[in-house]
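Enquirer: Heads up: the sequence shown at position 46 corresponds to 338 in this note's numbering, and the numbers run straight through without jumps.
No residue lacks a Cβ here, since even glycine has one placed at the ideal position from N, Cα and C.
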Amino acid sequence: MSPTRKKCQSAFLATGLDWMGDITSSFEGKLSCPNQRCGGKLGYYRWHGTQCNCGTWVTPAIMVHLSRVDILPPECQRLALDPLAGLHIGGMSR
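#1: Could you check whether the Cβ of leucine 358 sits closer than 7 angstroms to any Cβ belonging to chain D?
#2: Should the segment 352-360 be called in touch with the segment 301-312, which here means at least 3 C-beta pairs below 8 angstroms?
#3: Report the rounded CA-to-CA distance for arginine 329 versus threonine 342, giving the unit in angstroms.
#4: DSSP three-state label for arginine 360, please.
#5: Give me the Cβ distance between phenylalanine 319 and tryptophan 339, rounded to the nearest whole Å; I'm assuming they're in contact under 8 angstroms.
#6: Taking its Cβ as the centre, do 16 or more other Cβ atoms sit within 10 Å of alanine 353, making it buried, or is it exposed?
#7: So what does DSSP say about tryptophan 311, is it helix, strand or coil?
#8: In whole angstroms, what is the alpha-carbon distance linking glycine 313 and asparagine 345?
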């Protein structure tokens with residue numbers, strides 16, 4: 293009997309984004325909303341990796357919780373080839 297694989301609840305980014313600041317200065321840290329009125333936790337980064345809720349290990353891990361961001365429909369995305377174009381974070385579209 294094979295284990296049931298859970299649906300991923302996070303997005304893992306290949307590189308940091310400008311609003312994240314210098315994420316290379318420590319091995320791990322919290323990613324907070326860039327909107328100063330919000331400041332909520334969006335995810336975290338861990339250079340030694342982390343395990344997704346689906347069971348897959350991702351190293352290095354720059355993880356954003358999908359429940360903490362709005363995913364814009366394709367017709368609203370600025371660049372169809374930009375994999376982050378659909379993320380709307382803290383009042384700032386990416």
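Expert: Looking at the coordinates:
#1: Given the protein chain composition of this structure (a single chain), no chain D is represented.
#2: yes
#3: 29 angstroms
#4: helix
#5: 5 angstroms
#6: buried
#7: helix
#8: 26 angstroms
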